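**Student:** Heads up: the sequence lines are chains X and S, in that order.
The first sequence lines up with residues 702 to 894 when you count with this note's numbering.
The second sequence lines up with residues 350 to 450 when you count with this note's numbering.
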Amino acid sequence: MITFWILAVLIVASAVFVVSASRPVYSVLGLLLNFLLLAMMYLTLDAEFLAVIQVVVYSGAILMLFLFVIALLSSGVRQFSVGPNRLPRILAPLSVFGALALGGLLFVIVQSVTPSLPQSTAASAAGNANVFGSVADFGQALFTTYLLPFEATAFVLMIAVIGVIALAGDVDPPRPPRRKPLRKREPILKERS
Amino acid sequence: MQVAVANYIALSAIIFMIGVGGVVARRNPLIMLMGIELMWNAANLAFIAYAKAYMSNAGHVFAFLVITVAAAEAAIGLAIIVIVFRRAENVDVDDVAVLKG
């Protein structure tokens, strides 16, 4: 119980940091913290395998891709803020209120509908076949009942690879831009005073 | 004392709305993509909480599928950002009009 509340507060705080950080690099670091905390949350829900691939795939692969692209675009793209043209400043507290209200509403609805969680089996699940949430149990389900969705996953990943190569893998020399950029690009490596 | 599944669903909804706020309010496409990642993760949390509540592996399997689709989406989204930046030298979504038909 206490674990859930500590993790929940930290997860929400890191998520807010992700969307409000002043530079993309800080945002990635907040997202890394968020993913690690979510992996811990998955462990409390007996999802061992998903906790592991959360760390390996998300924190290891996807966030590295984000970091690589940020470095490629020479780090801080530009300072971005909740600009007046995108979202009026009054909407920021309103959206916080909306998130809390939606959370509370779902809490009330779900609590009246779903059963309470069964007792955790995490202490005995590790490496133990046929216990809910163990890697063996998950693998059994993935390769028998859910084999077709699993194969479809391979197809989706193949399409993604082909798409990325088609988009970014052209060997032509980069063409000059058709028109001038709308705004003059600020020096991005210099610290703004 | 066990945590009710409703707690997890409420937390998932709050994370999802934070992700939506990031996509709507920020103009940096990288941070918009990170908001989308937050939304994927909120969906995963709900899947896994319900999997535990009903003791069913289906939730785990679909969370696994969501992770792979999120990986594909991040790869393609970042590739598009790199392309746009190379052509237009500008990564502000308000100024990018190359995808306009």
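Note that CB positions come from ideal geometry on N, CA and C, so glycine has one too.
Computed from a predicted structure; not experimentally measured.
1. Quick one: does X:PRO794 have its CB under 8 Å from some CB of chain S?
2. Could you tell me whether the region 365-378 of chain S touches the region 737-756 of chain X, using the rule of 3 or more Cβ pairs below 8 Å?
3. Looking at the unbroken alpha helix (DSSP H) that takes in X:PHE750, where does it start and where does it end?
4. Just to confirm, are X:GLY804 and S:ILE363 a CB contact at a threshold of 8 Å?
5. Specify the secondary structure class of X:THR846 as computed by DSSP and reduced to three states.
6. Kindly indicate which three-state DSSP category S:ALA353 falls into: helix, strand or coil?
7. When DSSP labels each residue in this structure, what does S:ALA420 get in the three-state scheme?
8. What whole-angstrom Cβ distance do S:VAL410 and X:LEU843 have, given they're in contact under 8 Å?
9. Terminal residues of the continuous alpha helix (DSSP H) containing X:LEU738?
10. List the endpoints of the continuous alpha helix (DSSP H) containing S:LEU394.
11. Applying the 10 Å Cβ sphere with the 16-neighbour rule, what's the burial state of X:SER715?
12. Would the region 835-855 of chain X count as touching the region 763-773 of chain X if we require 3 or more Cβ pairs under 8 Å?
13. Does S:VAL433 come within less than 8 Å of chain X when only Cβ atoms are used?
14. Using a Cβ cut-off of 7 Å, pull out every chain S residue sitting near X:VAL811, in sequence order please.
**Tutor:** According to the structure data:
1. As a working mapping, residue 794 of chain X is identified with position 93 in the first sequence. When Cβ-Cβ separations below 8 Å define contact, X:PRO794 makes no contact with chain S.
2. No, because fewer than three Cβ pairs between the region 365-378 of chain S and the region 737-756 of chain X fall closer than 8 Å, the two stretches do not touch.
3. For the purposes of this step, residue 750 of chain X is taken as residue 49 along the first sequence, with counting starting at 1. Counting along the chain, the alpha helix (DSSP H) containing X:PHE750 begins and ends at 749-754.
4. In the first sequence, residue 804 of chain X corresponds to position 103, counting from 1. In the second sequence, residue 363 of chain S corresponds to position 14, counting from 1. With respect to the 8 Å criterion, X:GLY804 and S:ILE363 are classified as neighbours on the basis of their beta carbons.
5. As a working note, residue 846 of chain X is residue 145 in the first sequence. Correct three-state label for X:THR846: coil.
6. On the second sequence, position 4 is the one that residue 353 of chain S refers to. Coil.
7. To locate residue 420 of chain S, count along the second sequence from 1; it is residue 71. Three-state DSSP puts S:ALA420 in a helix.
8. Along the second sequence, one-based indexing puts residue 410 of chain S at 61. Along the first sequence, one-based indexing puts residue 843 of chain X at 142. Right, the Cβ-Cβ distance comes to about 6 Å (below 8 Å), so this counts as a contact.
9. By 1-based counting over the first sequence, the position of residue 738 of chain X is 37. Where X:LEU738 is concerned, the enclosing alpha helix (DSSP H) stretches over 725-745.
10. Translated into the one-based positions of the second sequence, residue 394 of chain S becomes position 45. Here the alpha helix (DSSP H) through S:LEU394 covers 378-403.
11. In the first sequence, residue 715 of chain X corresponds to position 14, counting from 1. In this structure X:SER715 is buried. Its beta-carbon is surrounded by 16 or more other beta-carbon atoms within 10 angstroms.
12. Judged by Cβ distances under 8 Å, the region 835-855 of chain X makes no contact with the region 763-773 of chain X, as fewer than three pairs qualify.
13. On the second sequence, residue 433 of chain S is found 84 positions in, with the first residue counted as 1. False, the Cβ-Cβ gap to chain X never drops below 8 Å.
14. Here residue 811 of chain X refers to the residue found at position 110 when the first sequence is read from its first residue. Those are VAL354, ALA355, ILE358, listed as they occur along chain S.
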